[in-house]
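End of the sequence shown sits at 201 in this note's numbering; the numbers just go up one at a time, nothing left out. Ideal Cβ positions, reconstructed from N, Cα and C, are used throughout, including at glycine. A quick note: this is a predicted structure, and the numbers were derived from the prediction, not measured.
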Amino acid sequence: MRRDHTDTWFFFGDSVTLGVNDSAVPGGWVSRLAIKGAARGYYEYPPATFYNLGARRQKLADVAARFEAEYTARLMPGIRPRFAFCTGTVDALQGADPQSTVESLASLLARARDIAPILFICPPPLADEQASVRLGSYATLAQEVCRKLKVPCANLFSELMASGFVGMLTDGIHPGPEGNDLFASLLMNKPETVTFLSVK
2 MRRDHTDTWF FFGDSVTLGV NDSAVPGGWV SRLAIKGAAR GYYEYPPATF YNLGARRQKL
62 ADVAARFEAE YTARLMPGIR PRFAFCTGTV DALQGADPQS TVESLASLLA RARDIAPILF
122 ICPPPLADEQ ASVRLGSYAT LAQEVCRKLK VPCANLFSEL MASGFVGMLT DGIHPGPEGN
182 DLFASLLMNK PETVTFLSVK
C-alpha cells in the first residue's frame, strides 16, 4: 500500500550515539529508543524510519559540517524529518572549553531548526573526572541556549550520574548494553523526548 509520508528521525553525534562497544541486539541507545517508542504507540515501526548517523571521534564542528549533506542524501518524496543531536563528548575529552563548545552548538541548532523539528540530547557522563565535569558544565549551558532558541533539550547528566551510569561504561567512554538501555529508558521519561517521537 502506498503512503503519502514517511516519518523519519535522524540522530547525529559521535561514537556514543553510534553505539560503539554495545555487544547486544539491538545495539546502542538510538535503536533501543526507536523500539521503546514503537512499544508505547508513538509511531508504527516500520514504516517509521530511524537513521543513526553517529560517527566515531567527531567533534561538534564535524557534526555541524556534515548534517545537512547527510540529511539531503536520504531525502525521498513524502519524508517528514526530525533531527536529534547528541554531540560534545569528543570536545570535552580533548579539553575544549564548555562555553566555546556551546557557542558552536547554538549556531548548529539555529540552522537545524529551520529545516525540521529538533531535539538536543546532552551527552552522558564519562569516567574521566575532568572531562565529565566539562560535560556537566556544557549540559547546563546547553539547556540555557536551547531555552533561548526555543529548542527542546533533554539533560540526563545528573540522573545518569546518580544511577551509576559511569560504572556501566566499557572503556570509560562508551556504555555497554546496560548503560545504553538506561540512557534510552531515562530519555523516554522526558516530555521533550515524548513530544519529539510522537507522530501527530
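Which of helix, strand or coil DSSP assigns to residue i
i, result
"Pro176", "strand"
"Arg67", "helix"
"Ile147", "Here the sequence assigns Cys to residue 147, which means Ile is not the residue at that position. In this structure, Cys147 counts as helix in the three-state DSSP scheme."
"Ala128", "coil"
"Ala155", "strand"
"Leu109", "helix"
"Leu187", "helix"
"Leu76", "coil"
Spatial neighbours of residue i in its chain, beta-carbon cut-off 6 Å, leaving aside the 5 residues before and after
i, result
"Thr194", "Ala155, Leu188"
"Ser133", "Pro126, Leu127"
"Leu157", "Leu187"
"Lys60", "Val91, Asp92"
"Phe13", "Leu54, Val64, Phe68, Phe86"
Proximal residues to residue i (C-beta, below 7 Å), its chain only, five neighbours per side dropped
i, result
"Ala107", "Val146, Leu150"
"Asn181", "Gly20, Asp23, Gly29, Trp30, Arg33"
"Ala111", "Leu150"
"Thr141", "none"
"Pro1", "Past the boundaries of the shown model lies residue 1; the chain is included only from 2 to 201, so the question cannot be answered."
"Glu160", "Leu187"
Residue i classed as buried or exposed, judged by whether at least 16 other C-beta atoms fall within 10 angstroms
i, result
"Met169", "buried"
"Asp5", "exposed"
"Met2", "Residue confidence for Met2 is low, a pLDDT of 41 falling below 50, so the modelled location carries little weight; the figure read from the coordinates is stated next. It is exposed - the Cβ of Met2 has fewer than 16 other Cβ atoms within 10 Å."
"Thr102", "buried"
Bridge-paired residues (DSSP) for residue i
i, result
"Arg83", "Trp10"
"Leu198", "Paired residue(s): none; Leu198 is not in a bridge."
Cβ neighbours of residue i in the same chain (closer than 8 Å, five flanking residues each side left out)
i, result
"Phe121", "Ala85, Phe86, Cys87, Leu106, Leu110, Ala143, Cys147, Val152, Pro153, Cys154, Ala155"
"Ala97", "Lys60, Arg135"
Practice task
Ignoring anything shorter than 4 residues or poking outside the stretch 2-59, list the alpha helix (DSSP H) runs there in chain order.
Solution key: 16-19, 29-40
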